[in-house]
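What follows is a single structure, written as structure tokens, with notes after it.
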Ligand SMILES: [Zn+2]
């Protein structure tokens, strides 16, 4: 059987596993972990041997950046997912990442799955635990290296090491203390969402029936993030708050993990006017691939084909310079995570990725929408395979090497150059 282990492996990986510096069962509660290798069969793109070799060359010898992932490992027994979420210790999938071909990954600390202190919100104490534990683990190995500047990215590309960018899903835990953004920047955070689905002091979330837009405090946060040089993410913001933020920010902003509402009519997808405004301001969209998110009425299941339909729609609408991938994947049964955390959050199920339940909507000219819920997104399931498959898919469709380089990492590097300081 073809195996992930046959992929080229990063030379900088020396076999470290998370928390090797501690004693399992003494210092922390160990689980039987999900395999980072071959949990599911490899996806076959149907490339010729020449195409496969060309795709691998593009992957290995160009800058590849994932704009949004959660490269952590969950327990194999997903009935333990909530208990694990509250344990405060989340291993990184170092081995899986070593086969990914990526140069840099934006690691989004989990927000709702990191709620140690509270079932319903991500507190300041939660974020301190999440960041601190991750930094301590990273400090005990050398494969993953922390990236804080554009020069750091340029230096790590092709080095055999993986650059790691600390990112947060939302800023709700700063409460109304704007100086906490400086603290987060000091801890290494280089990208942060403003809002997570439900409104907060900064602006409206995408789950609200009405979005009041970016608040006065939200404007101050945008200004402070611009001054610090921290990327702004609008993935979970409402449409009006997104338009307001794009207009308010001096630096280009990002929607790190979403797709097009013009393809799939979910509130989690973005309408054309938001995507166009984002591109006109020089911003960047990362195409999402979490299970049952970037679906399409043209594809019965959620696979790389529907993900890439969102990609092509957005590239046509926004221009190829403004699109990349923020797959939003991890090492686990992601669909089961949605189910397990829905149980925890009860009526506040919105706190997990809302895309877990595809909305039974219809769209003008296309009905009924027929995609069914998938157990996983074949071809875009985990951080090890995502970019290898995306590049192979684009190559097979006839995209030029230049366009593939832009989408794989060049666009992200350009936007970061206009944002980080
Ligand atoms: Zn998210």
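Residue numbers (the numbering used here): 42 to 462. For glycine and all other residues, C-beta sits at the position ideal for the given N, C-alpha and C.
#1: Please go through the same chain and pick out, in chain order, the residues whose beta-carbon is closer than 7 Å to the beta-carbon of residue 101, but skip the five residues on each side of it.
#2: Using 8 Å as the threshold, is the C-beta distance between residue 84 and residue 426 below it?
#3: Can you grab the Cα-Cα spacing for the pair residue 137 / residue 281, in whole Å?
#4: What do you reckon, is the C-beta of residue 369 under 7 Å from a heavy atom of ligand 1?
#5: Rounded to a whole number of angstroms, what is the C-alpha to C-alpha distance between residue 145 and residue 233?
#6: Taking contact to mean at least 3 C-beta pairs separated by less than 8 Å, is the region 449–460 in contact with the region 89–104?
#7: If I measure Cβ to Cβ from residue 172 and keep anything under 6 Å in the same chain, skipping five residues before and after, which residues do I get?
#8: Please report how far the alpha carbon of residue 243 lies from the alpha carbon of residue 264, in whole angstroms.
#9: Taking residue 232 as part of the alpha helix (DSSP H), name the residues at either end of that continuous run.
#10: Take the Cβ of residue 223 as the centre, count every other Cβ of all protein chains shown within 10 Å, and call the residue buried at 16 or more, exposed below.
#11: Can you tell me where the beta strand (DSSP E) holding residue 356 begins and where it ends?
#12: Evaluate residue 344 with the Cβ neighbour count: other Cβ atoms within 10 Å of its Cβ, from every protein chain shown; 16 or more gives buried, anything less gives exposed.
#13: For residue 380, which option in 413, 123, 61 and 112 has the closest C-alpha, if you only look at C-alpha atoms?
#14: Cα separation between residue 259 and residue 279?
#15: Looking only at its own chain, which residues have a Cβ that is under 7 Å from the Cβ of residue 407, when we skip the five neighbours before and after it?
#16: Looking only at its own chain, which residues have a Cβ that is under 6 Å from the Cβ of residue 270, when we skip the five neighbours before and after it?
#17: Out of 341, 360 and 351, which one is the CA nearest neighbour of residue 309?
#18: Quick one: give me the first and last residue of the beta strand (DSSP E) that residue 309 is part of.
#19: Could you give the C-beta distance for residue 148 and residue 112, rounded to a whole number, given that I count them as a contact under 8 Å?
#20: Could you tell me the alpha carbon to alpha carbon distance between residue 434 and residue 66, rounded to whole angstroms?
#21: I'd like the list of long-range same chain contacts for residue 74, defined as Cβ closer than 7 Å, with 5 residues on each side in sequence excluded.
#22: With a threshold of 7 Å (Cβ to nearest heavy atom), would residue 276 be considered close to ligand 1?
#23: Could you check the C-alpha separation between residue 479 and residue 298 for me, to the nearest Å?
#24: So, with DSSP's three-state summary, where would you put residue 106?
#25: Could you give the C-beta distance for residue 108 and residue 295, rounded to a whole number, given that I count them as a contact under 8 Å?
#26: Taking a contact to mean a Cβ-Cβ separation below 8 Å, would you say residue 376 touches residue 416 in this structure?
#27: Count the other CB atoms, across all protein chains shown, that sit within 10 Å of the CB of residue 302; report buried if there are 16 or more and exposed otherwise.
#28: Check whether the Cβ of residue 210 lies closer than 7 Å to any heavy atom of ligand 2, and answer yes or no.
#29: Check residue 149 in the structure and name its three-state DSSP category.
#30: Relative to the alpha-carbon of residue 97, which residue among 458, 275 and 449 has its alpha-carbon at the smallest distance?
#31: By the 10 Å Cβ neighbour count, where 16 or more other Cβ atoms means buried, how is residue 82 classified, buried or exposed?
#32: Taking 7 Å as the cut-off, is the beta-carbon of residue 298 closer than that to any non-hydrogen atom of ligand 1?
In terms of the structure at hand:
#1: Looking up residue 101 in the chain shown gives position 60. Same-chain partners within the cutoff: 49 and 142.
#2: Indexing the chain shown from 1 puts residue 84 at position 43. Indexing the chain shown from 1 puts residue 426 at position 385. Yes; because the gap between Cβ atoms is below 8 Å, this pair is in contact.
#3: The sequence position of residue 137 within the chain shown is 96, counting from 1. The sequence position of residue 281 within the chain shown is 240, counting from 1. Taking the straight line from one Cα to the other gives about 38 Å.
#4: Position 328 of the chain shown, counting from 1, holds the residue named residue 369. Under cutoff, so the answer is yes.
#5: Residue numbering aside, residue 145 sits at position 104 when the chain shown is read from its first letter. Residue numbering aside, residue 233 sits at position 192 when the chain shown is read from its first letter. Taking the straight line from one Cα to the other gives about 17 Å.
#6: yes
#7: For the purposes of this step, residue 172 is taken as residue 131 along the chain shown, with counting starting at 1. The residues 228, in chain order, have a CB closer than 6 Å to that of residue 172 in the same chain once the five nearest residues on each side in sequence are set aside.
#8: Stepping through the chain shown from its first residue, residue 243 is reached at position 202. Stepping through the chain shown from its first residue, residue 264 is reached at position 223. Going by the C-alpha atoms only, they are around 12 Å apart.
#9: Sequence index remark: in the chain shown, residue 232 carries index 191 (1-based). Careful: residue 232 lies outside any alpha helix (DSSP H), inside the beta strand (DSSP E) at 230–234.
#10: Here residue 223 refers to the residue found at position 182 when the chain shown is read from its first residue. Under this definition residue 223 is an exposed residue.
#11: Taking the chain shown and counting its residues from 1, one reaches residue 356 at position 315. Membership of residue 356 in any beta strand (DSSP E) is not indicated; the residue belongs instead to the alpha helix (DSSP H) covering 345–359.
#12: For this step, residue 344 is matched to residue 303 along the chain shown. The residue in question, residue 344, is buried, as its Cβ has 16 or more Cβ neighbours within 10 Å.
#13: Start at 1 with the first residue of the chain shown, and residue 380 comes out as number 339. Here the closest residue by C-alpha is 123.
#14: Start at 1 with the first residue of the chain shown, and residue 259 comes out as number 218. Start at 1 with the first residue of the chain shown, and residue 279 comes out as number 238. Taking the straight line joining both Cα atoms gives about 13 Å.
#15: Mapped onto the chain shown, residue 407 falls at position 366. Because residue 407 carries a pLDDT of 40, less than 50, the predicted location of this residue cannot be relied on, and the following value inherits that uncertainty. Only 338 meet the Cβ criterion.
#16: Stepping through the chain shown from its first residue, residue 270 is reached at position 229. 461 and 462, listed in sequence order.
#17: Start at 1 with the first residue of the chain shown, and residue 309 comes out as number 268. Cα-wise, what sits closest to residue 309 is 351.
#18: The residue you call residue 309 lines up with position 268 of the chain shown. Element bounds for residue 309: n/a, residue is neither H nor E.
#19: Counted from its first residue, the chain shown places residue 148 at position 107. Counted from its first residue, the chain shown places residue 112 at position 71. Confirmed, Cβ separation roughly 6 Å.
#20: Residue 434 sits at position 393 when you count from the first residue of the chain shown. Residue 66 sits at position 25 when you count from the first residue of the chain shown. Their Cα atoms are separated by approximately 44 Å.
#21: On the chain shown, residue 74 is found 33 positions in, with the first residue counted as 1. Cβ neighbours of residue 74 beyond the five flanking positions: 114, 116, 117 and 132.
#22: For the purposes of this step, residue 276 is taken as residue 235 along the chain shown, with counting starting at 1. Result yes, Cβ under 7 Å from ligand 1.
#23: Here the chain covers residues 42 to 462 and nothing more, so residue 479 does not appear.
#24: Taking the chain shown and counting its residues from 1, one reaches residue 106 at position 65. Here residue 106 sits in strand by DSSP.
#25: Stepping through the chain shown from its first residue, residue 108 is reached at position 67. Stepping through the chain shown from its first residue, residue 295 is reached at position 254. Confirmed, about 7 Å.
#26: Taking the first residue of the chain shown as 1, we reach residue 376 at position 335. Taking the first residue of the chain shown as 1, we reach residue 416 at position 375. Yes, they are a contact pair.
#27: Along the chain shown, read from residue 1 onward, the residue named residue 302 stands at position 261. With 16 or more other Cβ atoms within 10 Å, it is buried.
#28: With respect to ligand 2, the structure shown offers nothing to examine, as its ligands consist of ligand 1.
#29: Here the question's residue 149 lines up with position 108 in the chain shown. In the structure shown, residue 149 sits in a strand (DSSP, three-state: E or B).
#30: Position 56 of the chain shown, counted from the first residue, corresponds to residue 97. If we check each option's Cα against that of residue 97, 449 comes out closest.
#31: Within the chain shown, numbered from 1, the residue matching residue 82 stands at position 41. Counting Cβ neighbours within 10 Å, residue 82 comes out exposed, since fewer than 16 surround it.
#32: To locate residue 298, count along the chain shown from 1; it is residue 257. Yes, Cβ of residue 298 sits closer than 7 Å to a heavy atom of ligand 1.
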